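Read through the structure below, which is laid out as structure tokens, and then see the notes.
2 protein chains.
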Amino acid sequence: MAQLKVAALAGGVGGAKLADGLAQILPPGSLTVIVNTGDDFEHLGLRICPDVDTVCYTLAGIANPATGWGRADETWQAMETLGALGGPTWFRLGDRDLGVHLERTRRLRMGHPLSRITRDFCRSWGIQHTVIPMSDDFVPTWVYTNEGELGFQEYFVHRQCHPQVTGFRFEGIENARPAPGVVEALRAANLVILCPSNPWVSIGPILAVPGIRQAIEEPRKAVVAVSPIIGGQAIKGPAAKMYRELGIEPTALAVARHYGSLLSGFVIDTVDASQSGEIQAAGVQTLSTAAVMKTRADRARLAGEVVEFGRRLAVQG
Amino acid sequence: MAQLKVAALAGGVGGAKLADGLAQILPPGSLTVIVNTGDDFEHLGLRICPDVDTVCYTLAGIANPATGWGRADETWQAMETLGALGGPTWFRLGDRDLGVHLERTRRLRMGHPLSRITRDFCRSWGIQHTVIPMSDDFVPTWVYTNEGELGFQEYFVHRQCHPQVTGFRFEGIENARPAPGVVEALRAANLVILCPSNPWVSIGPILAVPGIRQAIEEPRKAVVAVSPIIGGQAIKGPAAKMYRELGIEPTALAVARHYGSLLSGFVIDTVDASQSGEIQAAGVQTLSTAAVMKTRADRARLAGEVVEFGRRLAVQG
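Going down the list, the sequences are from chains A and B.
Take the first sequence: its position 72, counting from 1, is numbered 85 in our numbering, and each next residue is one higher.
Take the second sequence: its position 292, counting from 1, is numbered 305 in our numbering, and each next residue is one higher.
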């Protein structure tokens with residue numbers, strides 16, 4: 014096999030952790046992280062890209078390890094001031110974080126595409142691998158619930174995932190184009206990794222951008238997903254709750270079925286090892302390992318195992 | 014004379030100081046501060062109202078006493094972050110200050126007029142007197158200079174008043190309306206005070222809003238200006254430089270002539286006492302006193318003298 018080229022699809026926290034593991038073990042130039050922007054939204058006049066920021070902050074080593082979102086050593090003066098004036102504080106924006114949103118919004122208004130802005134920010138933060146938002150087009154995710162249609166952050170942060178989900182809509186996705194470099198990175202990759210992010214609202218929007226799924230499927234390559242469901246639970250976020258509300262038992266197997274024929278390999282936690290047989294019966298190789306990433310070292314270790322697994326699959330063709 | 018009703022016209026630092034002095038000595042309900050908004054501008058997608066904020070922060074006791082602008086106990090995380098990403102930092106926005114601009118901009122986008130927002134903010138900050146922006150219409154000041162026409166904050170902050178001034182333009186002022194309460198407060202006042210703010214770019218725009226000058230002149234009342242020029246210098250800001258560049262020697266007398274027939278009284282510093290005769294010859298009474306406000310007590314003392322002077326003029330009719 015030629016030099017390994019990895020493209021990873023990622024959403025927020027779980028995706029960012031595995032992306033960080035991959036960044037730790039792969040040489041610069043061999044990893045492209047393609048990030049969901051379906052959770053982007055406009056708030057307080059600012060364009061906020063939570064998944065892109067979580068991935069970038071994590072790769073830059075400036076993420077808040079306690080929350081999983083936002084920045085380390087953050088202060089909250091602006092938000093406290095705004096709150097004292099009666100403004101909305103349900104979406105917590107730290108002062109440093111605000112600086113990022115202000116500058117991103119300024120550049121977007123100047124006409125810079127999000128992908129270029131993200132590239133520039135990554136350079137400022139010393140990120141040596143490539144991070145690309147899935148699209149420069151604004152394709153906000155809407156969540157259908159028993160309380161009506163909610164914007165994703167309204168559902169996710171403001172309503173804390175309480176409403177019962179009945180479906181999703183990625184607004185404008187049919188006309189969205191992959192950001193420059195996305196299709197190229199996917200076509201050039203010999204291993205595509207679907208990070209342990211929410212299949213519905215993190216990986217789903219990426220795969221829904223016209224052209225991205227095809228670039229994963231052709232030319233043929235190893236495609237490995239890491240299950241975000243471990244022991245019937247999501248490590249973080251509403252993935253398991255969503256599966257249940259959509260009438261599907263939340264299991265690693267359910268995630269493997271979700272991705273279906275796209276996958277050549279699937280990584281599950283050892284607690285779910287009993288599901289291996291059924292996944293393999295569908296023609297998907299499995300790797301069963303410790304899939305919970307608690308420490309930075311866990312990320313690198315899991316990333317190493319995923320890459321090794323993918324490399325074997327790639328060689329098998 | 015009936016209960017004293019004072020309306021004060023104010024710009025930034027000097028105006029805010031005298032307004033604070035007036036607020037210290039006058040009972041709530043008897044003082045309305047009408048603030049210049051000609052220096053308002055849009056920056057980083059935010060509506061920023063430097064003079065309104067300086068007046069409000071000062072009256073609320075949360076102004077930064079060292080700089081004269083911005084807030085006390087301020088932090089700069091957002092601006093540092095934005096700067097590290099290559100964004101513009103020439104207009105220094107502290108984190109708490111940003112919270113104000115974010116919430117004001119949010120409300121403006123919802124359609125709230127600036128005067129209502131300012132009233133709400135004053136209430137949050139415990140300000141017991143009335144503060145009204147001169148107009149709810151956006152009437153940005155442009156400065157004609159030897160380097161072309163510059164937005165006011167571009168001239169004032171970014172270029173630090175270096176370009177040579179040839180004139181001013183208050184964009185859209187001919188169609189601006191006084192904010193609700195402005196004309197009422199001026200008509201009801203028996204004393205109008207022009208604070209020691211820049212006559213060209215702080216008091217000038219207020220007087221240029223159609224209807225404001227008339228409401229000062231009718232019904233007839235005492236109108237007292239406090240000279241911002243002391244010993245040929247401005248305590249703060251470019252007023253003296255502007256006079257020189259416009260071919261006028263910067264003196265208290267020049268300021269008195271600037272306001273002309275609007276004035277019934279003029280307050281000058283003792284260092285300028287020799288100009289009293291010439292000012293009085295134009296039919297304007299003078300009060301010569303220590304007009305530099307270094308401490309909070311200075312503000313109250315000067316305000317007391319100005320009010321007493323104005324009260325005498327009002328009684329004389």
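Glycine residues also receive a C-beta, built at the ideal position from the N, C-alpha and C atoms.
The structure displayed is predicted, hence computed values, not measured ones.
Kindly give me the distance between the Cβ atoms of A:PHE165 and A:VAL178, rounded to whole angstroms, as I take these residues to be in contact under 8 Å. Locating residue 165 of chain A in the first sequence gives position 152, counting from the first residue. Locating residue 178 of chain A in the first sequence gives position 165, counting from the first residue. Contact flag wrong, Cβ pair sits at about 11 Å.
Cβ distance (whole Å) where B:LEU44 is taken to contact B:LEU35 below 8 Å: Reading the second sequence from its first residue, position 31 is the one you call residue 44 of chain B. Reading the second sequence from its first residue, position 22 is the one you call residue 35 of chain B. The Cβ separation is near 5 Å, so the contact holds.
Beta carbon of B:ASP52 nearer than 8 Å to that of B:VAL214: Position 39 of the second sequence holds residue 52 of chain B. Position 201 of the second sequence holds residue 214 of chain B. Going by C-beta atoms, B:ASP52 is nearer than 8 Å to B:VAL214.
Going by DSSP, which residues form a beta bridge with A:ALA235? The residue labelled residue 235 of chain A in the question sits at position 222 within the first sequence. DSSP, once it has assigned bridges, lists A:LEU204 as partnering A:ALA235.
Name, please, each residue of chain A whose Cβ falls closer than 8 Å to the Cβ of B:ASP108. In the second sequence, residue 108 of chain B corresponds to position 95, counting from 1. Under the 8 Å cutoff, chain A gives THR88, GLN90, ALA91, THR94, ASP108, LEU111.
Interface residues of chain B around A:PHE134 at Cβ under 8 Å? Position 121 of the first sequence, counting from 1, holds the residue named residue 134 of chain A. Correct list: LEU98.
Alpha-carbon to alpha-carbon, B:ALA202 and B:ALA20: Taking the second sequence and counting its residues from 1, the one referred to as residue 20 of chain B is at position 7. Taking the second sequence and counting its residues from 1, the one referred to as residue 202 of chain B is at position 189. So the two alpha carbons sit approximately 6 Å from each other.
Within 8 Å, strictly: CB atoms of B:THR143 and B:ALA198: Numbered from its first residue, the second sequence carries residue 143 of chain B at position 130. Numbered from its first residue, the second sequence carries residue 198 of chain B at position 185. Yes, Cβ-Cβ distance for B:THR143 and B:ALA198 is below 8 Å.
Hey, out of B:LEU315, B:SER274, B:ALA316, B:ILE216, whose CA is closest to B:VAL48's CA? Taking the second sequence and counting its residues from 1, one reaches residue 48 of chain B at position 35. Residue B:ILE216 is the option with its Cα nearest to B:VAL48.
Decide yes or no for the touch test of the stretch 70-80 of chain A against the stretch 90-101 of chain A: beta carbon pairs closer than 8 Å, at least 3 of them. No: the two stretches stay apart, fewer than three of their Cβ pairs being nearer than 8 Å.
Can you give me, in chain order, the residues of the stretch 41-58 of chain B that have a beta carbon less than 7 Å from any beta carbon in chain A? Flagged, chain order: LEU57, GLY58.
Using 10 angstroms around the beta-carbon of A:HIS175, count the other beta-carbons present and answer buried if the total reaches 16, otherwise exposed. Along the first sequence, read from residue 1 onward, the residue named residue 175 of chain A stands at position 162. Under this definition A:HIS175 is an exposed residue.
For a cutoff of 8 Å on Cβ pairs, would you count A:ARG105 as touching chain B? Taking the first residue of the first sequence as position 1, residue 105 of chain A is located at position 92. With 8 Å as the cut-off, A:ARG105 does not count as an interface residue toward chain B.
Which of the three DSSP states, helix, strand or coil, is assigned to B:SER137? Position 124 of the second sequence, counted from the first residue, corresponds to residue 137 of chain B. In this structure, B:SER137 counts as helix in the three-state DSSP scheme.
A:HIS56: buried (16+ other C-beta within 10 angstroms of its C-beta) or exposed? On the first sequence, residue 56 of chain A is found 43 positions in, with the first residue counted as 1. A:HIS56 comes out buried.
B:SER137 touches chain A at which residues, Cβ-Cβ below 9 Å? To locate residue 137 of chain B, count along the second sequence from 1; it is residue 124. Under the 9 Å cutoff, chain A gives ALA97, LEU98, GLY99.
Go ahead and label B:ASN211 buried or exposed: buried means 16 or more other beta carbons lie within 10 angstroms of its beta carbon, across all protein chains shown. Translated into positions along the second sequence, residue 211 of chain B becomes position 198. B:ASN211 should be labelled buried.
Quick one: using the 10 Å Cβ neighbour count with 16 as the cut-off for buried, is A:SER274 buried or exposed? Your numbering for residue 274 of chain A matches position 261 in the first sequence. Exposed is the label assigned to A:SER274, since fewer than 16 other Cβ atoms lie within 10 Å of its Cβ.
Give me the chain B residues within the contact set of A:ARG257, using Cβ-Cβ distance strictly less than 7 Å, ordered along the chain. Taking the first residue of the first sequence as position 1, residue 257 of chain A is located at position 244. Neighbours of A:ARG257 on chain B: none; closest Cβ ~36 Å, over 7 Å.
B:TYR256 beta carbon less than 8 Å from that of B:ALA267: Working through the second sequence from its first residue, we reach residue 267 of chain B at position 254. Working through the second sequence from its first residue, we reach residue 256 of chain B at position 243. Cβ distance < 8 Å, so B:ALA267 and B:TYR256 count as in contact.
Cβ neighbour criterion (16 or more within 10 Å) applied to A:GLY83: Position 70 of the first sequence, counting from 1, holds the residue named residue 83 of chain A. With 16 or more other CB atoms across the displayed protein chains lying within 10 angstroms of its CB, A:GLY83 is buried.
Where the stretch 110-131 of chain B meets chain A: residues whose CB sits under 7 Å from a CB there: LEU111, GLY112, VAL113, LEU115, GLU116, THR118, ARG119, ARG122
What's the C-alpha gap between B:GLY250 and B:PHE169? Mapped onto the second sequence, residue 250 of chain B falls at position 237. Mapped onto the second sequence, residue 169 of chain B falls at position 156. The straight-line gap from Cα to Cα measures roughly 9 Å.
Buried or exposed (CB count within 10 angstroms, at least 16 for buried), A:SER277: Sequence index remark: in the first sequence, residue 277 of chain A carries index 264 (1-based). Buried.
Considering only residues of the same chain and omitting the five flanking positions on each side of A:THR88, which have a CB-CB separation below 6 Å? In the first sequence, the residue the question calls residue 88 of chain A occupies position 75. Contacts found: ASP108.
Between the CA atoms of A:MET123 and A:ASP149 - distance to the nearest angstrom: Taking the first residue of the first sequence as position 1, residue 149 of chain A is located at position 136. Taking the first residue of the first sequence as position 1, residue 123 of chain A is located at position 110. One C-alpha to the other measures close to 14 Å.
Would you identify the three-state DSSP class for B:SER274, choosing helix, strand or coil? Indexing the second sequence from 1 puts residue 274 of chain B at position 261. It is helical.
Based on the DSSP secondary-structure assignment, which residues constitute the bridge partners of B:VAL280? If you number the second sequence from 1, residue 280 of chain B lands on position 267. Its beta-bridge partners are B:VAL239, B:LEU300.
Here's the rule I'm using: 16 or more other beta-carbon atoms within 10 Å means buried, otherwise exposed. How should B:GLU262 be labelled? Looking up residue 262 of chain B in the second sequence gives position 249. Under this definition B:GLU262 is an exposed residue.
Could you confirm whether any beta carbon from chain E is found closer than 8 Å to the beta carbon of A:HIS171? Note that chain E does not occur in the displayed structure, where the protein chains are A and B.
If we require 3 or more residues per run, which beta strand (DSSP E) segments fall completely within the stretch 82-159 of chain B? DSSP runs (the beta strand (DSSP E)) wholly in the stretch 82-159 of chain B: 143-146, 154-158.
According to DSSP, is A:HIS175 part of a helix, a strand, or is it coil? Residue 175 of chain A sits at position 162 when you count from the first residue of the first sequence. A:HIS175: coil per DSSP, three-state reduction.
Between which two residues does the beta strand (DSSP E) harbouring A:TRP23 extend? One-based indexing of the first sequence puts residue 23 of chain A at position 10. Residue identity differs from the one stated: residue 23 of chain A is Ala in this sequence, not Trp. Where A:ALA23 is concerned, the enclosing beta strand (DSSP E) stretches over 19-23.
Beta-carbon spacing of A:ILE248, A:VAL195 below 8 Å: Working through the first sequence from its first residue, we reach residue 248 of chain A at position 235. Working through the first sequence from its first residue, we reach residue 195 of chain A at position 182. Cβ atoms of A:ILE248 and A:VAL195: not closer than 8 Å.
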